[in-house]
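Enquirer: The structure is given below, and queries will be raised subsequently.
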Amino acid sequence: MLTTKSFIKKNKIGNVLKNIREHYLRNDIFCGFDICERCSPANSYLSSTHVNNCSLFLYNHYIILDTNVILDQMDILDENVIGNVIILHTVLQEVKNRSLPMYKRLRSVIENPSRHFYVFANDHHKDCYLPQEETELINDYNDRCIRKACLWYMEHIREARFVFITDDNANRQRALSENIISVSVKDYVTHLDKAQFLEDKLAKHDFHVKVDAEGLFPPHCSTFQIHNGIKESRLYQATYHASRDNYLEGFAMVDGFEDSILLQGRSGQNRAVDGDIVAIELLNQNEWVAPSEMILEDESIADTSLEDALKKEDELKTVTHKKKGDVKPTGRVVGIIRRKWRQYCGILQQDGSDTSVYQLFVPADKKIPKIRIETRQAAALRSQKIIVAIDSWPCHSRYPNGHFVRALGKIGDQSTENEVVLLEHDVPHNQFSEEVLSCLPKLPWIITDEDVEARVDLRHIDICSVDPPGCTDIDDALHCRPIDDGNLEVGVHIADVSHFIRPGTAIDLEAAKRATTVYLVNKRIDMVPELLSSNLCSLRGGEERFAFSCIWIMDKKANILHTRFHKSIIKSKKAMTYEEAQITIDDKNRNDSIALSLRNLNMLAKILKRRRLENGALVLASPEVKIQMDSETMDPIDVEVKKLFETNSMVEEFMLLANISVAEKILASFPDCAMLRRHPEPPSTNFEPLIKAGKHLGFDIRIDTGKNLAVSLDAAVRDDNPYFNTMLRILATRCMLQAIYFPSGMYQKNEFFHYGLAVPLYTHFTSPIRRYADIIVHRLLAVSIGADATYPDLLDKRKSNHLCQNLNYRNRMAQYAGRASIAFNTHLFFRGKIQDEEGYVLYIRKNAIQILIPKYGLECTLYLAQKGEKSAFFEYNEEDQNQSCGNIVLHAFDPVTVRLSLDSNNIQHEKFTLQLVSPYIEGFSVPPLNKPSRKQKLEDTGSKSPPEAKRKKKSRKH
Amino acid sequence: MSRKELISEIGLRLDGRRAHELRRIRCKLGVFTQPDGSAYLEQGLTKVLAAVYGPHQVRGNRTKAQHDSAIVNCQFSMAVFSTTDRKKRPRGDRKSTEMSIHLRQALLAAIKVELYPWSQIDVYVEVLHADGGVYPACVNAATLALIDAGIPLKEYVCACTASLANNDVPMVDISHQEEIIGGPTLTVAALPMSGKVVLMEMSQRFHLDHLPKVLDKALQGCKDIKTILDEAVRRHVEDVGSSSGWGNTSEKART
Ligand SMILES: [Zn+2]
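Protein sequences, first through last, are from chains Y and H.
For the first sequence, the working numbering gives the first residue as 41, with consecutive numbering after it.
For the second sequence, the working numbering gives the first residue as 418, with consecutive numbering after it.
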């Protein structure tokens, strides 16, 4: 059993503590070669037939990689070009410690049999292990271990040749002196005979160094200095967030600091890229400045010219030094603790020269700086959306250096832009794998006798579903019927997705990873394969389906007398749209069971809603638009605010009620690991803009409790501006924090509260087809009613917490992706159009006014002056937050008319340009367009009254 | 939070063992002369000394003596230098009291106490270095010390820990490093020949689905330990025997 190895103690000396760990050396580690007769064989993907064709070597060879090659050149390794690679365990561990994302990518390459990678546990091999010398640095030690392993392989498999690839010059020299064949990545890749295209993907670390350009950025502190600085509280560890609007400004969030720290200019930001973990130093208080509130874009073309940057920096300084009022803690980045670089979507700078190999890449995300890349296919790439990775940012370089990864497609195409939206928001959108698809039930799907046995048969009950038009993933259905004692039986029936998705299966893991279905304007990225989402789980009209039912007995005043849950079989009588349901309710001539059921539901929902609002639930607003697509060309043909019916609210109320009932049930059964949803109360500082805006118009917005906020929002109504209240609610929505999923064991009971809904407990139960959280909740509920068994991860608090974090992240990203898709399609719709529209002032800024156009749910900026210049017409009053021109004063919420057109100069960031139409200001405003067609249009859509945008049913805000 | 993997993709644990492998066990019987029996045992870096006095007359409170069996008295203690942070460990603290009770429970299951009415057996265990699996090492050392003292046992009583790596793979004999990083640990003391479990303890809850395979692993560990202890005992008997002159007969007996 235990073949005892000679073992060596490994010392690891901490501060004062001395840790000793055992380190076993083995004699049973396989070298990976089938031809070997000395080792005990195990699984290996190394192939005797694969050939590495590099013109530097006239023979076939096996490759051993150094750590730096994997960390820096993963894009090369991802390409299916080089194979028969031996990854030493020493290297693998180092990669894992240095960069988890790279490690994951490497793992997926290793696991792919066709790539012929093999992991060799050299550090536990009796002949490859070397003890670390006392004064030896860990890097030198690792290098020595790697070389030792190379030598061992050369000795062990004499029939094969080995090539050691490293970008560390010192290590390569030493290897060569030990007779190990060794080359740099660049030399190796450029001599590969079949893959010239790989050259673009080589990461660049120090190309065309210009020594005279010193002082572009201050140098970074060493890890050691940072470490000490933080220990002595001179420096702080912080997460860097770049500003979207001003490329010369950024903020750092320090744990335990209330305010974020302002970082300005080249020396302040010092090569930090959005998301990086940085070390910052606070400036003396007399050097603190105020955020500029300016919008600055990097417009320089050549990668070498500094003038533009210097000019803008000066401009920024003069602005910020003038306003001494709101100074914020200001600091500067002195070092980088961890880079959070990822791959970025974007385009090549459009006015660059095609003949140069150096090109500037402009990321789609404005928070990311331009990146300098080297490519020989600039002309072809210019019209494409491409992906680029950052490799380094030396202090003499104005921009970070990077390399081209791949092209996505033509700029402006629907499909390309969808791809960009998905990539930029980290939405997993690959096709479902074979393994996942193999988990699907076989068709034809039939309900067996056992199924009937295990479930309550509700097929005879008149159940119906109410959803938006065109909805194919119907996850909820309702019924309501009078029972003998004069009370009502109300049932909410939710698709029984957890019946099909069993824990731990490939389909379950995939759904957990995706976390949510993502809705783009003309594309839906399903969380589960279509067979489930649109067929077997979808509660379609007239079809027998499995459901998880929540049944209440209620009196006519909507008091719950009894709640029960069970799995059931239902047969929905009809899948209705909100509009159809509304018509059914309103049609006095209809008295069939569906109509009666809907009327009762509607009656109860109104009571429930009133009660909820009385408790202090908030009615928030965000303009949500619907884009009508031409079904053939898939081009947007109209953009409108979503229409809402009473039935929207009816369905919503019952979904809320079901979620609350389920939350109570699962928390009672699983005090430690129930998956719930909380919505924390926002800190009072979040409300400042709202209070300011309210006060200005004479309304006192109280924020001490959610209830008071709801009351004061209700009271803030102005007869002269019917849209005023909605705008206040839009502002209020922006003050809110995100609601999040969490396992109950991770928080105190009083923290479970849902602020927006004003309920002590809440969860998500009603949409398992498109949200993974609901699947977990279904499983928990099923266990607590004895309908299903538990499994380990379900009851593991830490695991659940980990899962919740992913769900929260994916949900947020899905939301952003949805918005980005709407924005793109709105732009598409407006291309080449010019219209005058009514709008309202949302915010007043120093050099601009933010305007909301309710008709399209658009928020745009009306610039009052050229960037950086003072407006010739308007006077900015910071105190009262207004802009005035003569006797015309513009405040927040004032109605205006603006001309709307699309500025496509920047093809990556098309944006709306506004011109003021009314109030008319001589020299600044433009005369109104005479377009009768517009009136016509207004009548067509029938939206004469300002549309009141409320929460749609599929909203993810709760 | 990325939880560290306890078993790497190539199937090795952090210290280079495979999932089913015990740490190296080295042990020696009869390390002291004064006690009636003694043993020293190393399980990985965990090092334990055990000493047995008795059976002798019940000391102190005589009313404790029982007419049909011997009373077994266990005392567990940890040396000041046994962990990385040096701290004074008073003898009667909660942890050592609990350990003493558990130790007694395991030993009682193996000792033929009914052979010694009105008498007492004292077992002292001192941990010199703790590196995970302290309790099992104590049980295993105490077993050896009891054998050295010549106290009749029903069979060896052995103990072993087991846990789950990467939430899926059961692994045996958990080191301190693995204890810290990993999930719940199961400690089992058993009579490996008859397969009886005499003590079972979990540091946290296991899910019911996992428990059987972890328990199996721990029991297998007990059996493997028994083989090693048995070898040590035979070697010891041989050594003692040959030095005292009846080595020849035992040699014959074995052939
Ligand atoms: Zn071999």
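Idealized CB from N, CA, C, for every residue including glycine.
1. Report yes if the C-beta of Y:Asn-78 is less than 8 Å from at least one heavy atom of ligand 1; otherwise report no.
2. Ligand 1 heavy atoms versus the CB of Y:Ile-205: any closer than 8 Å?
3. Could you tell me which residues DSSP pairs with H:Cys-577 in its beta bridges?
4. Which partner residues does Y:Ser-222 have in the DSSP bridge list?
5. Beta carbons nearer than 8 Å to chain Y: which residues of the stretch 626-640 of chain H have them?
6. Buried or exposed, going by whether 16 or more other CB atoms sit within 10 Å of the CB of Y:Arg-212?
7. Taking H:Asp-656 and H:Ala-566 to be in contact with their CB atoms under 8 Å, please state how far apart those CB atoms are, rounded to whole angstroms.
8. Using 8 Å as the cut-off, classify the Cβ of Y:Cys-190 as near or not near the heavy atoms of ligand 1, replying yes or no.
9. Comparing the CB of H:His-473 with every heavy atom of ligand 2, is any distance shorter than 8 Å?
10. With a cut-off of 9 Å, does the C-beta of H:Gly-461 fall near any C-beta of chain Y?
11. Y:Tyr-181 lies in the alpha helix (DSSP H); which residues open and close that run?
12. Do Y:Val-496 and Y:Ile-377 have their CB atoms nearer than 9 Å?
13. For H:Arg-434, return the contacting residues in chain A, with the cut-off set at a CB-CB distance below 8 Å.
14. With respect to the alpha helix (DSSP H) encompassing H:Pro-629, which residues constitute its N-terminal and C-terminal limits?
15. If we cut at 9 Å on Cβ distances, does Y:Tyr-831 have a partner in chain H?
16. Should Y:Phe-588 be listed as close to ligand 1, given that the test is whether its C-beta is under 8 Å from any heavy atom?
17. List, in chain order, every chain H residue whose beta-carbon is nearer than 8 Å to that of Y:His-164.
18. Give the single residue among H:Glu-531, H:Arg-511, H:Pro-553 whose Cα lies nearest to the Cα of H:Val-465.
19. Would you mind reading off the limits of the alpha helix (DSSP H) that contains Y:Lys-136?
20. Thinking C-alpha only, which one of Y:Pro-729, Y:Leu-641, Y:Ile-186, Y:Ile-197 is nearest Y:Met-695?
21. Closer than 8 Å to a non-hydrogen atom of ligand 1 - does that hold for the CB of Y:Cys-71?
22. Check each candidate in H:Asp-647, H:His-653, H:Gly-638, H:Ile-645 and name the one with the smallest Cα separation from H:His-437.
23. In chain Y, what lies closer than 9 Å to H:Glu-426 by C-beta?
24. Would you give the residue range spanned by the alpha helix (DSSP H) that Y:Tyr-812 belongs to?
25. Along the stretch 470-498 of chain H, what residues have a CB closer than 7 Å to any CB found in chain Y?
26. Alpha carbon to alpha carbon, how far is Y:Asn-219 from Y:Ile-186?
27. Starting from H:Asp-565, trace the alpha helix (DSSP H) both ways and give me its first and last residue.
28. Starting from H:Ser-592, find everything on chain Y with Cβ-Cβ shorter than 8 Å and list it in chain order.
29. Straight-line CA distance for H:Lys-445 to H:Tyr-470?
30. What do you reckon, are the CB atoms on Y:Cys-775 and Y:Pro-720 nearer than 9 Å?
31. For the stretch 729-815 of chain Y, list the beta strand (DSSP E) runs that are entirely contained and at least 3 residues long, ordered along the chain.
32. Within the chosen definition, does the stretch 624-637 of chain Y reach the stretch 764-783 of chain Y through at least 3 CB pairs nearer than 8 Å?
33. Quick one: is Y:Lys-839 near chain H, going by C-beta distance under 9 Å?
34. At the level of alpha carbons, what is the spacing between Y:Arg-274 and Y:Cys-479?
35. Taking all protein chains shown into account, decide if Y:Ser-473 is buried (16 or more other Cβ within 10 angstroms of its Cβ) or exposed.
36. Cβ of Y:Lys-406 within 9 Å of Cβ of Y:Arg-284?
Expert: Looking at the atomic coordinates:
1. The question names Asn, but residue 78 of chain Y is Arg in the sequence shown. Y:Arg-78 Cβ: within cutoff of ligand 1.
2. no
3. H:Val-605
4. Y:Phe-204
5. Asp-626, His-627
6. buried
7. The Cβ separation is near 17 Å, so there is no contact.
8. no
9. Judged by which ligands are present, ligand 2 is missing from the structure shown, whose ligands are ligand 1.
10. yes
11. 178-196
12. no
13. Looking for chain A here will not work: the only protein chains present are Y and H.
14. 628-661
15. yes
16. no
17. Leu-429, Gly-433
18. H:Pro-553
19. 129-138
20. Y:Leu-641
21. yes
22. H:Gly-638
23. Leu-132, Arg-147, Ile-150, Glu-151, Val-159
24. 812-824
25. none
26. 14 Å
27. 551-565
28. Arg-61, Glu-62
29. 17 Å
30. no
31. 780-783
32. no
33. yes
34. 56 Å
35. exposed
36. yes
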